[in-house]
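J.: In our numbering, the protein residues as written are 29 to 218. Quick reminder that beta carbons are idealized off the backbone N, C-alpha and C, glycines included. None of the values given here were measured: they were computed from a predicted structure.
(1) Find out if the Cβ-Cβ distance for the pair residue 134, residue 98 is shorter than 9 Å.
(2) Return the CA-CA distance between residue 103 and residue 205, expressed in angstroms with no decimal places.
(3) Check whether the Cβ of residue 187 lies closer than 9 Å to any Cβ atom in chain B.
(4) Please confirm whether residue 195 and residue 128 have their CB atoms less than 9 Å apart.
(5) With respect to the alpha helix (DSSP H) encompassing residue 202, which residues constitute its N-terminal and C-terminal limits?
(6) Output the distance between the C-alpha atoms of residue 214 and residue 166, rounded to the nearest integer angstrom.
(7) To the nearest angstrom, how far is the alpha carbon of residue 142 from that of residue 200?
(8) Can you find the residues in the same chain that come closer than 7 Å, C-beta to C-beta, to residue 209, ignoring five residues on each side of it along the sequence?
(9) I need the straight-line Cα distance from residue 82 to residue 123, nearest angstrom please.
(10) For the alpha helix (DSSP H) that contains residue 106, what are its first and last residues?
So, in structure tokens, the structure goes:
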């Protein structure tokens, strides 16, 4: 049988849709024989590529994440976390309060929000003790297998040996107090 390049050259150079005579396709029209030859050549070519790429893959089995024991917080709660994080440009006040509130309600972060939440520790390692309790089983599973979140892997965060988490004091600025009240009202139904 033709190799892929010869087959394509014949097709492009004007064979007028006629297949090369082949004993394996008796009774087929020229167009059907040509399509079969192209399909076989393409499948053989792809099979070679797939086999080569599979050979390079490490033979590693990854255990699935354990089942969740905590209910997920709402998307609305995640939107409040993003607002709190945006509000906390200079002082980390509302982001820790958000995590403490969600943990007190025995909730976990939504799975799609885990990369965002775990990424909050980049440049703000002081948030790690607040984040670990709300990661849930899948979040902890991700942290165990991740190389990029070393701050979240500290043993004392996982065993509960750290000091109790303090609720940050809210400065007495009117807009800060108003934001805190709105956030707590927004998280009331969690």
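T.: A quick look at the data gives this:
(1) The sequence position of residue 134 within the chain shown is 106, counting from 1. The sequence position of residue 98 within the chain shown is 70, counting from 1. Taking 9 Å as the Cβ cut-off, residue 134 and residue 98 qualify as a contacting pair.
(2) Here residue 103 is taken as the residue at index 75 of the chain shown, counted from 1. Here residue 205 is taken as the residue at index 177 of the chain shown, counted from 1. One C-alpha to the other measures close to 23 Å.
(3) Absence of chain B from the displayed structure is noted, only one protein chain being present.
(4) Here residue 195 refers to the residue found at position 167 when the chain shown is read from its first residue. Here residue 128 refers to the residue found at position 100 when the chain shown is read from its first residue. The answer is yes: Cβ separation under 9 Å.
(5) Sequence index remark: in the chain shown, residue 202 carries index 174 (1-based). For residue 202, the enclosing alpha helix (DSSP H) stretches over residues 202-214.
(6) Taking the first residue of the chain shown as position 1, residue 214 is located at position 186. Taking the first residue of the chain shown as position 1, residue 166 is located at position 138. The alpha-carbon atoms of residue 214 and residue 166 are separated by roughly 26 Å.
(7) If you number the chain shown from 1, residue 142 lands on position 114. If you number the chain shown from 1, residue 200 lands on position 172. If I take the Cα positions, the gap works out to 32 Å.
(8) Against the chain shown, residue 209 aligns to sequence position 181. Closer than 7 Å at the Cβ level, and outside the excluded window around residue 209, lies no residue.
(9) Stepping through the chain shown from its first residue, residue 82 is reached at position 54. Stepping through the chain shown from its first residue, residue 123 is reached at position 95. Per-residue confidence for residue 82 stands at a pLDDT of 47, beneath the threshold of 50, marking its modelled position as unreliable; no derived number is given.
(10) Position 78 of the chain shown holds residue 106. For residue 106, the enclosing alpha helix (DSSP H) covers residues 103-115.
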